[in-house]
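To start, the structure itself, in structure tokens.
In the UniProt record's numbering, the protein residues as written are 1 to 326.
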């Protein structure tokens, strides 16, 4: 079966059809987060550190790191800061080093700037996931050589020079094109993680059905792992976490093997843990039982992140105690 292997300096994560669903934490991303972008502009990485630790303790096994910040104040002083090719490479290096210093999970290097992708690859320990390549000719020629040079897996997004098609057959054809072009560079299909593109169901009533059918085709015909921006499905609708919590296990049942998402939301993580258990990807129900204890602790008013942190600390203490008695 297809296995996409990601590594940090000390930890290996496998994305695969017979593996637990891979949660890629999305929160280290200054796009649309003006406060975070302003902090990064000032050299303040405290929110990044907090987001990294909370996402891991809540269940992320990989952390996405996006360097797409706009440095408004510096831009006014120096026109070079209006160019992402100038801003993002050094910022990506700092972000990667900051996160690696406090967590041990593999990373997902996320940028539209090739220089930032390479800066992240150079700074990252192990074997990160590269995010991303598309079917656009220029992007294929810029990103696939990096994938080959650093021997890393890559997210392949199913749009090309014509944009994002609402036709799922076109999106499948774009994914197939990327897999074939990657093969020309000597990149195997198991190192391609396809994002079939999730449309908002509020704008397209068939969006969910499209994704489930596409994921099955990608698995059966191309043999590739898949990912998505999970929250896209609920964009613009009320009670988004309820929709996301239904969408994720349905996607897992169709064959989706990972998602870029916010793991600090208990409703979505509960849905994923339940799906892992039902898919026989949670031996002896250990993860489900641990989650149940966290959810119970939340009844006393703790947030999901707070309850998860306390449970992790308690578990570490018990393990330490047992070693001490040995």
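Just so you know, even glycine gets a beta-carbon here, dropped at the ideal spot from N, CA and C.
query	result
What first and last residue would you give for the alpha helix (DSSP H) that runs through residue 338?	Because the chain spans 1 through 326 in this model, residue 338 falls outside it and cannot be assessed.
Taking a contact to mean a Cβ-Cβ separation below 8 Å, would you say residue 232 touches residue 198 in this structure?	yes
Determine whether the beta carbon atoms of residue 145 and residue 128 lie at a separation below 8 Å.	no
Measuring CB to CB, does residue 305 end up less than 8 Å from residue 54?	yes
Rounded C-beta distance between residue 110 and residue 131? I'm assuming under 8 Å.	4 Å
If you measure between the beta carbons of residue 218 and residue 175, is that distance less than 8 Å?	yes
Hey, residue 48 and residue 98: beta-carbon distance below 8 Å or not?	yes
Return yes when the C-beta of residue 159 is under 7 Å from any heavy atom of the ligand NAP, and no when it is not.	The ligand content of the structure shown is nil, which means the ligand NAP is not present either.
Would you call the segment 145 to 154 and the segment 165 to 175 touching, i.e. three or more CB-CB distances under 8 Å?	no
Quick one, are the C-beta atoms of residue 116 and residue 88 less than 8 Å apart?	yes
If contacts are defined as beta-carbon pairs under 8 Å, then residue 119 and residue 168 qualify, I think. What distance do you get, rounded to the angstrom?	Contact flag wrong, Cβ pair sits at about 35 Å.
Quick check: the segment 14 to 34 against the segment 57 to 72, are at least 3 beta-carbon pairs closer than 8 Å?	yes
How would you label residue 102, buried or exposed, when you count the other beta carbons within 10 angstroms and need 16 or more for buried?	exposed
Where DSSP assigns a beta bridge to residue 15, which residues make up the other side?	4
Distance check for residue 27 and residue 228, CA to CA, integer angstroms please.	15 Å
What do you reckon, are the CB atoms on residue 293 and residue 311 nearer than 8 Å?	yes
Tell me the residue span of the beta strand (DSSP E) that contains residue 27.	22 to 28
Could you tell me which of 296, 215, 41, 61 sits nearest to residue 82, measuring between CA atoms?	41
Determine the direct distance from the alpha carbon of residue 264 to that of residue 64, and round the result to whole angstroms.	14 Å
DSSP puts residue 163 in a beta bridge; with which residues?	160
For the beta strand (DSSP E) that contains residue 132, what are its first and last residues?	129 to 134
Rounded to a whole number of angstroms, what is the C-alpha to C-alpha distance between residue 17 and residue 166?	26 Å
Which residue comes first and which comes last in the alpha helix (DSSP H) that contains residue 231?	Residue 231 -> no alpha helix (DSSP H), and no H or E assigned at all.
Which same chain residues, not among the five before or five after residue 45, have their C-beta less than 8 Å away from its C-beta?	39, 94, 95, 98
Kindly indicate which residue of 91, 209, 224 has the alpha-carbon position closest to the one of residue 29.	91
Is the distance from the Cβ of residue 23 to the Cβ of residue 259 below 8 Å?	yes
Restricting to Cα atoms, I'd like to know which of 170, 20, 58 is closest to residue 162.	170
Starting from residue 220, follow the beta strand (DSSP E) in both directions and report where the run begins and ends.	Neither: residue 220 is in no beta strand (DSSP E) and is coded neither H nor E.
For the beta strand (DSSP E) containing residue 259, name the first residue and the last one.	258 to 261
Leaving out five residues on either side along the sequence, give the residues of the same chain with a beta carbon under 7 Å from the beta carbon of residue 59.	23, 263, 269
Per DSSP, what are the beta-bridge partners of residue 226 in this structure?	194
Output the distance between the C-alpha atoms of residue 329 and residue 284, rounded to the nearest integer angstrom.	Given a span of 1 to 326 for the chain in the structure shown, any question on residue 329 remains unanswerable.
Look up residue 184 in the DSSP assignment and say whether it is helix, strand or coil.	helix
Under three-state DSSP, which class holds residue 237?	coil
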